[in-house]
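Everything on this sheet refers to the single structure shown next.
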Amino acid sequence: MSLTQRERSVTALAGGVGGAKLAQGLADVVPPSSLSIVVNTADDFDLWGLRICPDLDTVMYTLAGLANPATGWGIAGDSSATLDAIARYGEAPWFQLGDQDFATHILRSEALRSGATLTEVTGKLSHNLGVASSILPMTDDIVSTMIRTPETVLAFQDYFVRRRQVDTVTGVTFAGIENASMSAVALAAIDSAGVIVFCPSNPLVSIGPILSLPGVRDRVRKAPGLRVGVSPIIGGKAIKGPADRMLESLGHESSAYGVAHLYADLLDVFVIDTRDEFDRARIEDLGMRVVVTDAVMGDRGDRARLAGEVLDAAGMAREAVS
Numbered sequence: 001m002s003l004t005q006r007e008r009s010v011t012a013l014a015g016g017v018g019g020a021k022l023a024q025g026l027a028d029v030v031p032p033s034s035l036s037i038v039v040n041t042a043d044d045f046d047l048w049g050l051r052i053c054p055d056l057d058t059v060m061y062t063l064a065g066l067a068n069p070a071t072g073w074g075i076a077g078d079s080s081a082t083l084d085a086i087a088r089y090g091e092a093p094w095f096q097l098g099d100q101d102f103a104t105h106i107l108r109s110e111a112l113r114s115g116a117t118l119t120e121v122t123g124k125l126s127h128n129l130g131v132a133s134s135i136l137p138m139t140d141d142i143v144s145t146m147i148r149t150p151e152t153v154l155a156f157q158d159y160f161v162r163r164r165q166v167d168t169v170t171g172v173t174f175a176g177i178e179n180a181s182m183s184a185v186a187l188a189a190i191d192s193a194g195v196i197v198f199c200p201s202n203p204l205v206s207i208g209p210i211l212s213l214p215g216v217r218d219r220v221r222k223a224p225g226l227r228v229g230v231s232p233i234i235g236g237k238a239i240k241g242p243a244d245r246m247l248e249s250l251g252h253e254s255s256a257y258g259v260a261h262l263y264a265d266l267l268d269v270f271v272i273d274t275r276d277e278f279d280r281a282r283i284e285d286l287g288m289r290v291v292v293t294d295a296v297m298g299d300r301g302d303r304a305r306l307a308g309e310v311l312d313a314a315g316m317a318r319e320a321v322s
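Mind the numbering: the sequence shown is residues 1 to 322 in the working numbering, read in order.
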């Protein structure tokens with residue numbers, strides 16, 4: 001694909017470690033000012049009076065080159081003195097926060113209490129970490145993912161972190177979604193994008209909340225840009241997290257096809273791993289082109305390679321319809 005095409009504005013929808021990795025790859029192959037990342041905020045919650053935004057922070061730390069390579073989240077080399085001190089007071093820390101991580105949450109929480117929006121705070125924090133691309137919360141309103149199990153309903157972080165995803169998921173809802181709205185700047189990023197990328201994030205609880213904001217799914221469907229998705233399921237399994245088990249327990253296939261089916265009315269192109277090439281025909285029958293490649297992202301070079309292939313696929317799809 002020519003440089004001119006690659007310089008077209010790109011908007012990524014992202015959440016979690018997989019989304020952050022591809023976002024970093026995109027940041028390495030397109031001009032920073034041409035990239036916007038709309039990030040899930042339905043995982044956000046309050047802890048010890050601080051507003052914690054796990055997906056926003058994972059994307060921000062990754063693009064800033066600070067993320068812990070062993071986990072994909074948190075800050076590399078961070079210490080845990082604050083959590084250790086909290087434990088001395090008899091509190092049992094269940095959500096891992098490093099000492100440098102606390103600085104992010106303290107400054108964010110203070111700014112929010114002073115009347116700043118989450119979009120404004122995120123822009124300032126990411127800018128001060130040297131991130132040149134736009135990291136955009138999906139909304140400035142409060143939306144909370146709730147996980148229904150056979151026994152009870154859990155807040156997302158209780159299910160995901162405190163209980164380590166041991167529960168069978170029988171339903172997913174987004175509390176507050178009906179009264180929330182996507183920010184004007186995030187909507188503008190979707191409307192103006194030459195390419196919209198669905199990152200390899202959990203389609204149910206990372207991309208799902210973004211698309212569930214009132215009017216957003218239709219907005220993405222009608223957007224003029226080419227829409228390319230990358231499967232987070234490879235060989236029937238999630239690279240990281242419970243996406244495969246959640247898909248199965250909610251009645252979907254845990255496969256590249258199962259994810260493509262959830263996006264069937266939205267995508268022009270779907271990128272799958274070589275191990276899932278056998279599903280090419282079924283996915284094409286959903287009305288989207290299929291690109292088969294090595295979709296596993298290891299080091300930063302892998303991320304840039306996959307990002308380039310995603311944008312190349314968009315370029316080829318554009319040429320095919322022009």
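Just so it is clear, CB atoms sit at the ideal spot from N, CA and C, and this is done for glycine as well.
Distance between beta carbons of residue j and residue i, contact taken as under 8 Å
i	j	result
A193	G225	4 Å
L266	R221	6 Å
T119	P137	6 Å
S231	I272	5 Å
D101	D78	6 Å
A317	V269	5 Å
V169	L250	6 Å
D99	A81	6 Å
Endpoints, the beta strand (DSSP E) within which residue i is located
i	result
L26	It is not in any beta strand (DSSP E) - L26 instead sits in the alpha helix (DSSP H) that spans G16 to V29.
M146	S144 to R148
D46	F45 to L47
I52	L50 to I52
A81	Careful: A81 lies outside any beta strand (DSSP E), inside the alpha helix (DSSP H) at A81 to R88.
L226	L226 to V230
R289	R289 to T293
P200	Unbroken run through P200: none, as it is neither H nor E.
P137	S134 to P137
L35	L35 to V39
A175	G171 to A175
A155	V153 to A155
Candidates the options: closest to residue i by CA position
i	options	result
R282	P203, M182, A260 and T104	A260
A23	A313, D302, A317 and G315	D302
V291	R280, L83 and M146	R280
E151	A180, D140, S36 and V166	V166
P203	V185, T168 and E248	E248
V172	G98, A155, N179 and V185	A155
D299	G25, A223 and G235	G25
S36	R8, L47 and P54	R8
V205	A256, D46, G235 and D55	D55
G229	E277, I142 and M288	M288
S255	Q96, G235 and A264	G235
V296	K237, L262 and L311	K237
L107	T122, E277 and G98	T122
R113	D46, L13 and A184	D46
V216	P69, E284 and S181	S181
Endpoints, alpha helix (DSSP H) assigned at residue i
i	result
D276	Careful: D276 lies outside any alpha helix (DSSP H) and carries neither H nor E.
A260	A256 to L262
S109	D99 to R113
D218	V216 to K222
T122	L118 to N128
Quick check: the stretch 41 to 50 against the stretch 204 to 220, are there 3 or more CB pairs under 8 Å?
yes
Within 8 Å, do at least three Cβ pairs link the stretch 193 to 202 to the stretch 124 to 133?
no
Counting pairs of beta carbons, one from the stretch 60 to 79 and one from the stretch 13 to 25, are three or more of them closer than 8 Å?
yes
Take every Cβ of the stretch 239 to 250, pair it with every Cβ of the stretch 160 to 172, and state whether three or more of those distances are shorter than 8 Å.
yes
Counting pairs of beta carbons, one from the stretch 23 to 39 and one from the stretch 81 to 92, are three or more of them closer than 8 Å?
no
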